[in-house]
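Student: Remember, my numbering sits 208 above the position in the sequence shown when you count from 1. We put the beta carbon where it would ideally sit given N, CA and C, even for glycine. Just so it is clear, the structure is predicted and the values come from calculations on it, not from any experiment. I have a structure here, written as structure tokens, and I will follow up with some questions on it.
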Amino acid sequence: ILKKYIFTNKYLWILSFANMFIYIIRFGTLDWATIFLYDVKGIDQVSVAIFWTLMPLAGIPGGIVAGYLADRFWNGRCVPINVIYLVLLIFSIIGFYFYSGPDNILLTGISLLLIGFLIDGPQNLISGVQASRVTVKEAISGACGMTGFFGYVGATFSGVGLAYITESFGWMAMYGVCVLSAILCLILVLLSYNKEKGS
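Pasting the structure below:
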């Protein structure tokens, strides 16, 4: 099963790398936003702590809405809604980097809410629903395990790798990596469109 339906399944590899990139964004924006807002933007610690809670809270409805929209408008296919979420996520990250700060508290909060909301849709759909669509039912658990493994590779990089990038090249480079990860995830998701359509 592993050899026939997982390790030699190119679509599963595509979705695994897509999941890796979405985890880089998730933990990169979540874990580093507090330091960025406090040390760089000058927002007080209490406000930063409140902002930190916004992203995971917004992720709950983000994942539910993504699933609902996929069912409602695309007959359960995930690629269209993932593309919409990822495009909006790119602009939300850029907006947060450039416009967050103590003079734009409302915009800062909205940006973080959007990032949290928009990350959870692709994260849930790529590693679960889409992974199950590109293999046979006997290998679904293994397929989800593989995409999940790559997700934690991305989470690890968001700690060690982004720390190095931030220290060496600055915050713009760090958030640039998050934007690039969203673009690469978007491309990989699109590569799975025909397979999902034919499932």
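L320 and A241 - do their beta-carbons sit closer together than 8 Å?
Tutor: In the sequence shown, residue 241 corresponds to position 33, counting from 1. In the sequence shown, residue 320 corresponds to position 112, counting from 1. Yes.
Student: Do you know offhand how far I214's Cα is from F225's?
Tutor: For the purposes of this step, residue 214 is taken as residue 6 along the sequence shown, with counting starting at 1. For the purposes of this step, residue 225 is taken as residue 17 along the sequence shown, with counting starting at 1. Distance between the alpha carbons of I214 and F225 is about 14 Å.
Student: By the three-class DSSP mapping on this structure, what secondary structure does C286 have?
Tutor: Here residue 286 refers to the residue found at position 78 when the sequence shown is read from its first residue. Here C286 sits in coil by DSSP.
Student: So is the beta-carbon of I232 under 7 Å away from any non-hydrogen atom of the ligand GTP?
Tutor: Annotation note on the ligand GTP: not contained in the displayed structure, which lists no ligands.
Student: Taking buried to mean at least 16 other C-beta atoms within 10 Å of its own C-beta, is S376 buried or exposed?
Tutor: One-based indexing of the sequence shown puts residue 376 at position 168. Exposed, since its Cβ has fewer than 16 Cβ neighbours within 10 Å.
Student: Using a Cβ distance threshold of 8 Å, determine whether the stretch 378 to 394 contacts the stretch 300 to 307, with at least three qualifying pairs required.
Tutor: yes
Student: Check whether the Cβ atoms of I232 and C386 lie closer than 8 Å to each other.
Tutor: Walking along the sequence shown from the start, residue 232 turns up at place 24. Walking along the sequence shown from the start, residue 386 turns up at place 178. Their beta carbons are under 8 Å apart, which means I232 touches C386 by this criterion.
Student: Alpha helix (DSSP H) containing S349: first to last residue?
Tutor: Taking the sequence shown and counting its residues from 1, one reaches residue 349 at position 141. First-last of the alpha helix (DSSP H) with S349: I348 to F377.
Student: Considering only residues of the stretch 218 to 297, which uninterrupted alpha helix (DSSP H) runs meet the minimum length of 4 residues and lie entirely inside it, listed in chain order?
Tutor: 218 to 243 and 253 to 282
Student: Going by the beta-carbon positions, is the gap between G317 and L396 smaller than 8 Å?
Tutor: Residue 317 sits at position 109 when you count from the first residue of the sequence shown. Residue 396 sits at position 188 when you count from the first residue of the sequence shown. Contact: no.
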